[in-house]
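Heads up, the thing below is written out as structure tokens.
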Amino acid sequence: MLNVHPMQLTHAPEFRIHLDDDQVILHGTAEESAGVILRGSIILTCHEQTKVKSITLKFMGITNVNWSEGLGSHQKHYRAERKILEKEWTFLELKKKAHHLCQGQYKWDFEIPLPGNLPETVNHEMGQVQYRLKAYCDRPTFSMNYVDKRVIKVTRLMLPSSLELTQSVIISNVWANKVAYDISIPSKVYCSNKSIPISFDLMPIAPHLKIKSVSCSLKEYITCSTMDHHKTEGKVINHLRDDRLSLDSTTGHWAKIELLHVPSDSSLINYDMCGELIQVKHKLKFSVALQNLDGHISELRAAIPVVIAPMLPEDDDNTLPAYEDAWRSIPYDAETLAHMIAMGEVPASAAAVAPPPPLAPASTSFPPALILTSDSHSTLSSLSSNSVNSNSFSEEDLLTPEPLPWMGIDISRVPSYTTALRTGAPCTLSPSLPNYESITIA
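Here UniProt numbering is used: position 342 in the sequence shown is 342, and no number is missing along the way.
Below, the structure is given as structure tokens:
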């Protein structure tokens, strides 16, 4: 008789890379930027005991170009690649015998300082600048390995003091003794999903001259380079044409403001950047069609270089502060902080950086510790097993009867102006101290 045994279903562990932020923003030019720190964690969730040989993480930044020119037998291929940055972490070392991980969640933190001169992320058919994280969990033979990958996007933000942000551009000239023109834009820098206001002011000089149309286009130029060759490719990002210009009878000018939209889709436009192998630049191009008395059409052309950025400095003001700067917004008054924690407005962990009276020491989290078992197999203790919740505070734990105002306050840390106004002056001077008048009289 055939015995049929039911198959036992098992849940595969969850292995992933968690990042505080997968978009890196560098502030200032390559010479101005101080860089930024990329932080994250490797998280492995085991639903049952799992054997693991090693766990590693690799960060890689690469720029490469690849294109062809010519046809048939005359076709030539050009290719170049540069390694921008590379770093590798080992969280579980490879040993003779596998590590036995018990049921639970395991977490390994990592961080890497990124220099301020990194080239920004670019994706183009002729070349790329890419940054990637790859986590690898190596398992014993006949067991499936775990892999997770994350793409890091690096962008650059101009400083508020950059001249390009406030510098307007105007082209003023007389063309062929037929028309005097002023074409201007209020700034050289524009970000995605915004419109560029372009002002036209045309004054006819030749008699019976008519303006047939005005055209504006935003064009992108990408230059890829190898050791001995380079190629520049341009494409139109957006275009508009206006043939409804009317002559102002009082001034004798054609004047109008055209709005040219910058797309927000990253697949349609790349931001300005300058790397070793790839450069991205943008230009605004204008064309004015003029009709002479005899019906002949002539064309006035002009161009202005512009900078397309991912965002402007004022847009960056709305982004959330970094974790290490969060203490700046925490109130200094112990009673206010305790009330906010009790109401759930502030996490209990905020008490660690605020100046309330001393608390009982909370348990400290450490990376998973390696424990040797009697069978000579290494077992990794789970973070989730029998863990103590160090964030479970009550209002009674945080308050003590009538704490002195200066207790627990770091006088070297100056509060912000907003915090000082909100907190007020909680100090009440002792009545035993003399007042100012009595001292001056004495």
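The beta-carbon is built from N, C-alpha and C at its ideal position, and this holds for glycine as well.
Proximity to residue i [Cα-Cα], best of the options
{"i": "His-229", "options": "Gly-72, Pro-160, Leu-277", "result": "Leu-277"}
{"i": "Val-52", "options": "Met-60, Lys-87, Ala-98", "result": "Ala-98"}
{"i": "Trp-175", "options": "Gln-105, Ile-198, Ile-185, Ile-205", "result": "Ile-205"}
{"i": "Ile-84", "options": "Trp-108, Lys-96, Leu-114, Leu-94", "result": "Leu-114"}
{"i": "Phe-59", "options": "Cys-102, Asp-22, Gly-252", "result": "Asp-22"}
{"i": "Pro-274", "options": "Thr-63, Leu-38, His-47, Gly-40", "result": "Here residue 274 turns out to be Cys, not Pro, going by the sequence shown. It is Thr-63."}
{"i": "Asp-138", "options": "Arg-132, Gly-116, Glu-93", "result": "Glu-93"}
{"i": "Phe-91", "options": "Thr-166, Ala-135, Asn-173", "result": "Ala-135"}
{"i": "Val-16", "options": "Val-151, Gly-234, Ser-143", "result": "Note that residue 16 is Arg in the sequence shown here, rather than Val. The shortest C-alpha separation from Arg-16 is found at Val-151."}
{"i": "Ser-41", "options": "Trp-108, Ile-269, Leu-293, Ser-267", "result": "Trp-108"}
{"i": "Leu-157", "options": "Asp-272, Asn-173, Tyr-221, Ser-195", "result": "Asp-272"}
{"i": "Asn-173", "options": "Met-144, Met-203, Glu-164", "result": "Met-203"}
{"i": "Leu-209", "options": "Ile-25, Ala-180, His-239", "result": "Ala-180"}
{"i": "Phe-200", "options": "Gly-61, Leu-247, Leu-26", "result": "Leu-247"}
{"i": "Thr-166", "options": "Leu-245, Val-189, Val-147, Leu-101", "result": "Val-189"}
{"i": "His-100", "options": "Ala-255, Cys-46, Asn-145", "result": "Cys-46"}
Alpha-carbon spacing of residue i relative to residue j, whole angstroms
{"i": "Asp-20", "j": "Phe-110", "result": "11 Å"}
{"i": "Pro-313", "j": "Val-262", "result": "17 Å"}
{"i": "Val-36", "j": "Thr-121", "result": "15 Å"}
{"i": "residue 446", "j": "Arg-301", "result": "Here the chain covers residues 1 to 442 and nothing more, so residue 446 does not appear."}
{"i": "Ser-217", "j": "Phe-286", "result": "7 Å"}
{"i": "Ser-162", "j": "Ile-183", "result": "23 Å"}
{"i": "His-18", "j": "Gly-104", "result": "17 Å"}
{"i": "Glu-299", "j": "Glu-86", "result": "52 Å"}
{"i": "residue 450", "j": "Ile-43", "result": "Only positions 1 to 442 of the chain appear in the structure, and residue 450 is not among them; the question remains open."}
{"i": "Pro-140", "j": "Lys-95", "result": "11 Å"}
{"i": "Pro-186", "j": "Ala-309", "result": "16 Å"}
{"i": "Pro-197", "j": "Leu-284", "result": "11 Å"}
{"i": "Val-280", "j": "Glu-32", "result": "20 Å"}
{"i": "Thr-251", "j": "Pro-207", "result": "15 Å"}
{"i": "Asp-227", "j": "Asn-123", "result": "Just to set this straight, residue 227 is Met in the shown sequence, not Asp. Approximately 21 Å between the Cα atoms of the pair."}
{"i": "Leu-259", "j": "Asp-294", "result": "32 Å"}
{"i": "Ile-112", "j": "Arg-39", "result": "7 Å"}
{"i": "Lys-194", "j": "Val-129", "result": "25 Å"}
{"i": "Ile-304", "j": "Lys-178", "result": "22 Å"}
{"i": "Ser-143", "j": "Ala-34", "result": "44 Å"}
{"i": "Gln-49", "j": "Val-24", "result": "37 Å"}
Residue-level contact to chain B via CB, residue i, 8 Å cutoff
{"i": "Ala-180", "result": "No chain B appears in the structure shown, which is made up of a single protein chain."}
Residue interval of the beta strand (DSSP E) (run including residue i)
{"i": "Asn-66", "result": "54-69"}
{"i": "His-27", "result": "23-27"}
{"i": "Thr-45", "result": "36-46"}
{"i": "Asp-109", "result": "104-114"}
{"i": "Glu-14", "result": "14-19"}
{"i": "Lys-83", "result": "76-92"}
{"i": "Leu-118", "result": "Unbroken run through Leu-118: none, as it is neither H nor E."}
Chain-order list of residues whose beta-carbon lies under 7 Å from that of residue i (same chain, five-residue window excluded)
{"i": "Trp-67", "result": "Tyr-78, Met-126, Cys-224, Lys-231"}
{"i": "Gly-70", "result": "Lys-76"}
{"i": "Trp-89", "result": "Thr-56, Leu-57, Phe-110"}
{"i": "Arg-241", "result": "Ser-213, Ser-215"}
{"i": "Leu-268", "result": "Ile-237"}
Neighbourhood of residue i by C-beta distance below 8 Å, restricted to the same chain and skipping five residues each side
{"i": "Gly-212", "result": "Before going further, note that residue 212 is Lys rather than Gly in the sequence given. If we look at Lys-212 and ignore the five residues flanking it on each side, its Cβ neighbours are Asp-243, Ala-289, Leu-290, Gln-291, Ile-297."}
{"i": "Lys-149", "result": "Ile-17, Arg-132, Leu-133, Lys-134, Ala-135"}
Sequence-distant residues of the same chain with beta carbon closer than 6 Å to residue i, five excluded per side
{"i": "Gly-28", "result": "Leu-159"}
{"i": "Thr-364", "result": "Summary for Thr-364: the model assigns pLDDT 37, below 50, so the residue's position carries little reliability, and this model does not support an answer."}
{"i": "Ile-171", "result": "Ile-183, Ala-302"}
{"i": "Asn-117", "result": "Ala-30"}
{"i": "Ser-385", "result": "Reliability of the predicted coordinates at Ser-385 is poor, the pLDDT of 39 falling under 50, and the value obtained from them is presented with this limitation in mind. So the qualifying residues of the chain are Gly-104."}
- Item | Segments assigned alpha helix (DSSP H), at least 4 residues, entirely inside the segment 131-183 | 163-166
- Give, in chain order, every unbroken run of the beta strand (DSSP E) that is at least 3 residues long and sits entirely within the UniProt domain "Arrestin C-terminal-like" (175-313). 179-185, 189-191, 195-204, 210-225, 230-242, 254-261, 278-291, 297-309
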